[in-house]
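Going down the list, the sequences are from chains A and B. Going left to right, the first sequence walks through residues 1 to 284 as the UniProt record's numbering numbers them. Going left to right, the second sequence walks through residues 1 to 284 as the UniProt record's numbering numbers them.
Number of protein chains: 2
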Amino acid sequence: MDTLAKAMSKFRLAVVQLHVSKVKADNLSRAQKLVKEAAGQGAKVVVLPECFNSPYGTSFFPEYAERIPGESTQLLSEAAKENAVYLVGGSIPEEDGGKLYNTCPVFGPDGTLLLKHRKIHLVDIDIPGKIRFQEAETLSPGSSFSVFDTPFCKVGVGICYDMRFAELAQIYTKRGCQLLVYPGAFNMTTGPAHWELLQKGRAVDNQVYVAAASTARDETASYVAWGHSSVVSPWGEVISQAGTEETVVYADIDLQYLSDVRQQIPISSQRRSDLYSVTAVQEG
Amino acid sequence: MDTLAKAMSKFRLAVVQLHVSKVKADNLSRAQKLVKEAAGQGAKVVVLPECFNSPYGTSFFPEYAERIPGESTQLLSEAAKENAVYLVGGSIPEEDGGKLYNTCPVFGPDGTLLLKHRKIHLVDIDIPGKIRFQEAETLSPGSSFSVFDTPFCKVGVGICYDMRFAELAQIYTKRGCQLLVYPGAFNMTTGPAHWELLQKGRAVDNQVYVAAASTARDETASYVAWGHSSVVSPWGEVISQAGTEETVVYADIDLQYLSDVRQQIPISSQRRSDLYSVTAVQEG
């Protein structure tokens, strides 16, 4: 491996576990501050949580929704540029053509909007006595796969409940992603049961790094997030994890290690394409 | 639900964590004894571990290989019939047409051979300083999906390393399986890292029960098995797990509970078939 390739095989990832209040301006300024803090620690890719500018709840989405570009994405673009980072902008309620989406905008280190991922799978859970949440009450689903390039590796983007669908991760991996990022906000029922397990599963099945950014836990909110933002290695180990408070966690992504894991257990080359396949049917 | 349907929605599963020695006759008689023990405890489906009649190792396979029908499968057929159980006969090295396979024979409660699953994905691992194992040194892979019917539910069969490939479980689930069984024998490196995680991942991603049967640990063997035979619920919880010794673990499979989980988090109906699909390309 030459020197440049070696330099490009490692980079620092930051996952921001943001506290989200009802005051949008506060949410934005704290996000801005923590992106800067992360960059100061050497992060080249920074991930914010789902619904970082608005409380999470179908009744809040119409009120906090913005067009893209708009106030929140303008701020994210500037934060990406000022800190020269790839910024996975969690998600915001997006308004477009009279519909609302749960949308993750991604910015390059020059401030350009690289893509926006509209949550493909809307939350639809009803666990009696525990939690009921139906995003479709106010949101519409997206229909696009979302992959962006960095000088380090390709990155696939999903939002929260998207993580439950193995196919999305499989298609991103087929397209060459070595890192999958999921801004999210699991709750106090599904969080302890599935948040870490799903990340580990996606990581081991696809031999990729997986990062999931949650909002900080706020017991006074109508929707209480589990927290525990994490980064998982291609071997399935949690290499970095937050508790429940607002914080930034870091992980040094090592693509040579990923390559070693893929060589040690070569499932990617052993898949039986003569027997089965996972394919993208169409793209929006 | 009528009375019959209710009765059929629950059944006891037994997973036999067999000690395997170099003496085939001993392995067979212990297997026979433990199948009987399991049936005595009310098990209707019994699962043996991978390579239950032979030490696990490419050098042993040619020596212990049998045709089907042969000595080992004859004994399994009788054990299934005598105890009136569905018997997932772990696996044996099978000889057919000059080739060797790692084959799981499944018998119905009347002793009929319902199917044989030849391991589709052959182990190919090389973790420096830890373990190297290449089944292809002596084995050939199978090319069939393997699903059998019971009065309770459909059951999908994979062997050990097959568990690493999410697609197999996805296709079995699409075909209506509610229980996946994996006779296996992970080792002391991949066992602690991935054995339980893979089972939980398959269970949660597909909302099915997953059972994995390992051989007991034998520190004197050339290949030391991890043990920890397990049954995992559709919610991703380990509901039954062995330690390292020879034993039988039981789980009461509850298909109404499975149905409840699928209703609470309806990912099966939420899959975006307009965007992606997992399909069987051909069947052997």
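We put the CB at the ideal spot given by N, CA and C, even for glycine.
(request) Apply the 10 Å Cβ neighbour rule to B/K99 and answer buried if 16 or more other Cβ atoms are within range, or exposed otherwise. (result) exposed
(message) I'd like to know if A/T58 contacts chain B, where contact means its C-beta is closer than 8 Å to some C-beta of that chain.
(response) no
(message) Cβ closer than 7 Å: which chain B residues qualify as neighbours of A/S277?
(response) T279 and V281
(message) I'd like to know whether the C-beta of A/V204 is nearer than 8 Å to at least one C-beta of chain B.
(response) yes
(request) Identify the continuous beta strand (DSSP E) that holds A/L198 and give its terminal residues. (result) No beta strand (DSSP E) contains A/L198, which is instead part of the alpha helix (DSSP H) from E196 to N206.
(message) Under 8 Å, CB to CB, which of the residues in the stretch 162–174 of chain B have a partner in chain A?
(response) R164, F165, A166, E167, L168, Q170 and I171
(message) Which residues does DSSP list as the beta-bridge partners of B/S240?
(response) B/V231
(request) Tell me the start and end of each unbroken alpha helix (DSSP H) in the stretch 1–80 of chain B that is at least 4 residues and wholly inside, in chain order. (result) 3–8, 24–40 and 61–64
(request) Mind checking the stretch 260–275 of chain A against chain B and listing, in chain order, the residues whose C-beta falls within less than 8 Å of any C-beta there? (result) Q263, Q264, I265, P266, I267, Q270, R271, R272, S273, D274 and L275
(request) Just the chain B side, please: which residues come within less than 9 Å of A/H121 by C-beta, in chain order? (result) I267, Q270, R271 and R272
(message) Contact criterion: CB-CB distance below 8 Å. Does B/W235 meet it with respect to chain A?
(response) yes
(request) Starting from A/S277, follow its DSSP beta bridges and name the residues at the other end. (result) B/T279
(message) What ranges does the alpha helix (DSSP H) occupy inside the stretch 148–178 of chain B, keeping only unbroken runs of at least 4 residues that lie completely in it?
(response) 166–174
(message) In the DSSP output, which residue or residues are listed as bridge partners for A/D252?
(response) A/R12
(request) Keeping to the same chain, check which residues put their C-beta closer than 7 Å to that of B/S21; ignore five residues upstream and five downstream. (result) N27
(request) Return the residue from the list B/R272, B/V238, B/L113 and B/P266 that minimises the CA-CA distance to A/D126. (result) B/P266
(message) Using a Cβ-Cβ distance cut-off of 8 Å, determine whether B/A193 contacts chain A.
(response) yes
(message) Counting only Cβ-Cβ distances shorter than 7 Å, please list the residues of the stretch 132–151 of chain A near chain B, keeping chain order.
(response) S143
(message) Against residue 293 of chain B, what residues of chain A qualify as contacts under a CB-to-CB distance less than 8 Å, listed in chain order?
(response) No information on residue 293 of chain B is available, as it lies outside the stretch 1 to 284 that chain B covers here.
(request) Out of A/D274, A/V281 and A/L4, point me to the one whose CA is closest to B/P141's CA. (result) A/D274
(message) If I measure Cβ to Cβ from A/P55 and keep anything under 8 Å in the same chain, skipping five residues before and after, which residues do I get?
(response) V20, S21, K22, Y64, A221, S222 and Y223
(request) Tell me, please, whether the stretch 197–210 of chain A touches the stretch 199–216 of chain B by the rule of three or more beta-carbon pairs shorter than 8 Å. (result) yes
(request) Could you name the residues of chain A that B/I127 contacts, counting a contact when the two beta carbons are closer than 8 Å? (result) Q264 and I265
(message) I want to see whether chain A comes within less than 8 Å of B/D254, judged by CB atoms only; does it?
(response) no
(message) Please state the DSSP three-state secondary structure of A/S214.
(response) coil
(message) Can you tell me whether B/P105 is helix, strand or coil according to DSSP?
(response) strand
(message) In the DSSP output, what is B/A225 paired with across the bridge?
(response) B/N187
(message) Give me the chain B residues within the contact set of A/D124, using Cβ-Cβ distance strictly less than 7 Å, ordered along the chain.
(response) P266 and Q270
(request) Would you identify the three-state DSSP class for A/D260, choosing helix, strand or coil? (result) helix
(request) From the DSSP output, in three-state form, read off A/R272 for me. (result) coil
(request) Go ahead and pull the three-state DSSP assignment for A/E219. (result) coil
(request) Note down the Cα distance separating A/T103 from B/T58, rounded to an integer number of angstroms. (result) 52 Å
(request) Flag this pair as touching only if the stretch 189–197 of chain A and the stretch 229–236 of chain B have three or more C-beta atom pairs under 8 Å; answer yes or no. (result) yes
(message) Does B/I127 come out as helix, strand or coil in the three-state DSSP assignment?
(response) strand
(request) Output the distance between the C-alpha atoms of A/H121 and A/E135, rounded to the nearest integer angstrom. (result) 9 Å
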